[in-house]
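Residue numbers (the numbering used here), protein chains in the order written: chain A, 108 to 601; chain B, 108 to 601.
Take a look at the structure:
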């Protein structure tokens, strides 16, 4: 497929130099407009022309304002990165809306390298290609302008350059031992690169394969493509993206049907004495298990969702009581910060992912997208509809990395909730927990039930099932969560 | 000094239990008010009672809202942390205004451990104590409510606990092999701990040494202290802090005196041909040197400041042209984000510090505090006055860690600036760089000269001198910066 980039595209220096000044004016102006826009620009520059990659990067620094542009040229992953799922290192570097982020090599370069080194087998390569496609799809759906350039240098041309560099060592510092490696591996890497480029070239994020032999052609072509795409996007806002794949599924139940929540047996109870005994037993067990998990590097992510006043705080307190503070972290999810709002909504969850062996507790989570944000209209319909597959992709990566993901819905009924609301009003230190909103939410009880039913239906997976925990009786719920976490830890620790 | 915490403080369980409910009400309410306040709360819990530390932590989770509280119990530093100055791991975890951050062991615990292991000699301990004092002073000056609790457990009491844990293994999970270690090292650690606690107990950040034998006494004492301090701080805003130490120094020159800038020879020039030749030479040199630096792990931090239109962008472009994109990062400093504003002003510079072997370029920097923020009144007088010592402490830590810190002031005169402003108006893609503000700044030229004089006087140190670069002639300035960076790299690489 790269033959099309070996036809000898050229641009004369004189022509190039007459074109560049205007291009520069237009690009800087477009970049200036971008700062007020509500989408980020993500530029991927990959390919086998290492020197060309650096050269176009310099050009971009010349024709644009470096202050609103961030370059990410990543070496091998650090220890902190290796302890998280593969895409963590990319998520944490995504540019916010209004900015440009350039990735050299990026996720594709890493994949090709690992396939070449045989770190990944063909099956794993397919899986990673699938992750890349979905990752890019989610970014584009979120509004990102994603531009991917593959610089192709024919083998003969690379050889010529290497020879010249040998002849003129004073100018040859731009040629690296890495280039010699690229040359020696050329024929073996080519088919791998072709596969990856072909299969990650999608409708919403196609590759621009650029012949890299002539620097003027290459630089002009890339700069122009960036300018044109950016200008188009600034003048014609992106069409609303319809949800992809399983986004077509709609609620399979009607207003009056029972939901999956009706199957939860809310009469479950634990008498005081038994509660104390079991609490002690499971806390001791959890303490031991979390220490073992720490030693072998097994991380847990616990997600807590539930009705208002379902007792999330109390459950979490019983969990952490059993753990060493070095081993856990609680992340409460409230309204996003300005910085978080400037990114894909999953960005703020990615950034918190735990290191190996730790327990991370999310007090509310990414499920807000398809619960409160859906019901209150904070997310548009296309946004929450595509969230199911975004969430599944995210959780799949967690689980693939070996993270133990546990999701709990603490379930109470409306009467129990009202009893607790009233009790709160009589408990001075809990009063501030009550707002008008809590009462308003009660009116939407049925909407929530339907949304919850769909949530379980679509995001309860083999690797990350939903646990619907009966919580009308607090002791029962607390012990149940402890027990479930212990059981899964035991299973995973063998 | 810990004898005072061996007198047998006790509180009866019954008394404790009557006091706690009200405490809880008050604490939750105070914490609620804190959310609207403009300061963070930093709680340090250290000492030799490991189980007690965990116990009080649980209590704090019970009596406060865990959602606005972050616990930091740090193990050994990660690879990414080891590549940065010691305090990086603490800076990156500081709570924003309105929130509570709890540090277990914290910077003091690490220091005691390293002294015990003989990783640090007595001289180095003194130095680290000095860093701690200044770190805490800067946090407090910035408004943080810093509360430090040292839990002291007498040796006999620790022994008793360990024995009991052996007798009742079913409850003994809260006792750790670590506790046995603490016991065996008790007598050797005690004098080290005493020194560190004594010397880091300052007027603005005293240690509360708490007898930890009786959990009710310990928990009540700490919880009450937190409540009282927080309430006091919420009702009586902090008095304006007068600058400490060298903050007393004032400008030693008067309005008409020449400043240090007058010594810069602005007639320096480089003819075109020579410029091209030198540029090529030094870029090749810099490329080689930055690769070597990467290999041995020598990081550089380059700071660029200068008059508007002094040519910072052009200099930076010539630098990065010579480097491999994997090796450098540019951080442009504009207005701080919401998240950055919620922290000490140095926080956003700390968070960007480079990994070992990398080059980090700051396009404007922390010097904004004592230049534009001082002159425009964005920082209050006490704020910018104490910034000199804050900056020196920051840079000292960078240099102590082995980072090569280079600071450049690009100097032009007012006439040259006006020529460039006018040229910009005639260059379409530079037009947007011009604002009214640029002209207004010209009127403050003399104010800036005086501020710059003081800046050089007070922050040009042996380990991080200011380089005042003549920049009326752009080629000269570009080559000069390249040359200076090369020279320092060569010196450091030996």
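We treat Cβ as the ideally placed atom computed from N, Cα and C, and that holds for glycine. Everything numeric in this text was worked out from a predicted model, so none of it was measured.
Candidates A:581, A:118 and A:473: which alpha carbon is nearest residue 326 of chain A's? A:118
Given a cut-off of 9 Å, decide if residue 587 of chain A and residue 373 of chain A are closer than it, judged by their beta-carbon atoms. no
Could you please tell me which residues of the stretch 159-180 of chain B, in chain order, have their CB closer than 7 Å to any CB of chain A? 161, 164, 165, 168, 169, 173, 174, 178 and 180
Could you tell me which whole alpha helix (DSSP H) segments of length 4 or greater appear in the stretch 544-581 of chain A? 552-566
Per DSSP, which one or two residues make a beta bridge with residue 427 of chain B? Residue 427 of chain B is not bridged to any residue.
In the DSSP assignment, the beta strand (DSSP E) including residue 237 of chain A goes from what residue to what residue? Careful: residue 237 of chain A lies outside any beta strand (DSSP E), inside the alpha helix (DSSP H) at 229-248.
I want to verify the contact list: residues of chain B whose CB lies under 9 Å from the CB of residue 187 of chain A, in sequence order. 185, 186, 187 and 188
Below-9 Å beta-carbon distance, residue 428 of chain A vs any chain B residue: yes
So, with DSSP's three-state summary, where would you put residue 312 of chain B? coil
Please confirm whether residue 455 of chain B and residue 445 of chain B have their CB atoms less than 9 Å apart. no
Residues of its chain near residue 219 of chain A, where Cβ-Cβ distance is below 7 Å and the 5 sequence neighbours each way are ignored: 296, 299, 300 and 303
What does residue 182 of chain A touch in chain B if you count any residue whose Cβ is under 7 Å from its own? 433
Just mark residue 571 of chain B as buried or exposed, buried being the case when its beta carbon has 16 or more other beta carbons within 10 Å. buried
For residue 441 of chain B, go through chain A and note every residue whose CB falls closer than 8 Å to its CB, in chain order. 174
Is any beta-carbon of chain B found at less than 9 Å from that of residue 535 of chain A? yes
Enumerate in chain order the residues of its own chain whose CB-to-CB distance from residue 463 of chain B is below 7 Å, with the five nearest sequence positions on each side excluded. 190, 404 and 406
Measuring CA to CA, which of A:531, A:458 and A:453 is closest to residue 501 of chain A? A:453
Go ahead and pull the three-state DSSP assignment for residue 117 of chain B. coil
For residue 516 of chain A, the three-state DSSP class (helix, strand or coil): strand
Can you list, in chain order, the residues of its chain with a C-beta nearer than 8 Å to that of residue 252 of chain B? Leave out the 5 residues immediately preceding and following it. 146, 147, 148, 149, 336, 337 and 340
Using the Cβ count rule (16 or more neighbours within 10 Å means buried), how would you classify residue 247 of chain A? buried
Report the CB separation of residue 412 of chain A from residue 496 of chain A in whole angstroms; it is logged as a contact under 8 Å. With a Cβ gap of about 19 Å, residue 412 of chain A and residue 496 of chain A do not count as contacting.
Comparing alpha-carbon positions, which option in B:519, B:382, B:466 and B:115 lies nearest residue 402 of chain B? B:466
If distances are taken between C-alpha atoms only, which option among B:262, B:437 and B:364 comes closest to residue 110 of chain B? B:262
Any contact of the stretch 388-397 of chain B with the stretch 424-443 of chain B, i.e. 3+ C-beta pairs under 8 Å? yes
According to DSSP, simplified to helix, strand and coil, what is residue 436 of chain B? strand
Starting from residue 256 of chain A, trace the alpha helix (DSSP H) in both directions and tell me its first and last residue. Element bounds for residue 256 of chain A: not the alpha helix (DSSP H) but the beta strand (DSSP E), 252-259.
Given this structure, state the Cα-to-Cα distance separating residue 439 of chain A from residue 176 of chain B, to the nearest angstrom. 9 Å
Residue 352 of chain B, DSSP secondary structure in three states: Low confidence applies here, because residue 352 of chain B scores a pLDDT of 42, under 50, leaving its location unreliable; read the following figure in that light. Helix, per DSSP.
From residue 590 of chain B to residue 192 of chain B, what distance separates their C-alpha atoms? 27 Å
Enumerated in chain order, which unbroken segments of the beta strand (DSSP E) with a length of 3 residues or greater are wholly contained in the stretch 436-488 of chain B? 466-470
Against chain B, with Cβ distances strictly below 9 Å, would residue 271 of chain A count as a contact? no
So which residues of chain B does residue 56 of chain A contact, with C-beta pairs closer than 7 Å? Coverage of chain A is limited to positions 108 through 601, which leaves residue 56 of chain A absent and any answer about it impossible.
Have a look at A:552, A:553 and A:529 and flag the residue whose alpha-carbon is nearest the alpha-carbon of residue 542 of chain A. A:529
Nearest by alpha-carbon distance to residue 554 of chain A: which of A:414, A:408 and A:400 is it? A:414
Taking buried to mean at least 16 other C-beta atoms within 10 Å of its own C-beta, is residue 518 of chain B buried or exposed? buried
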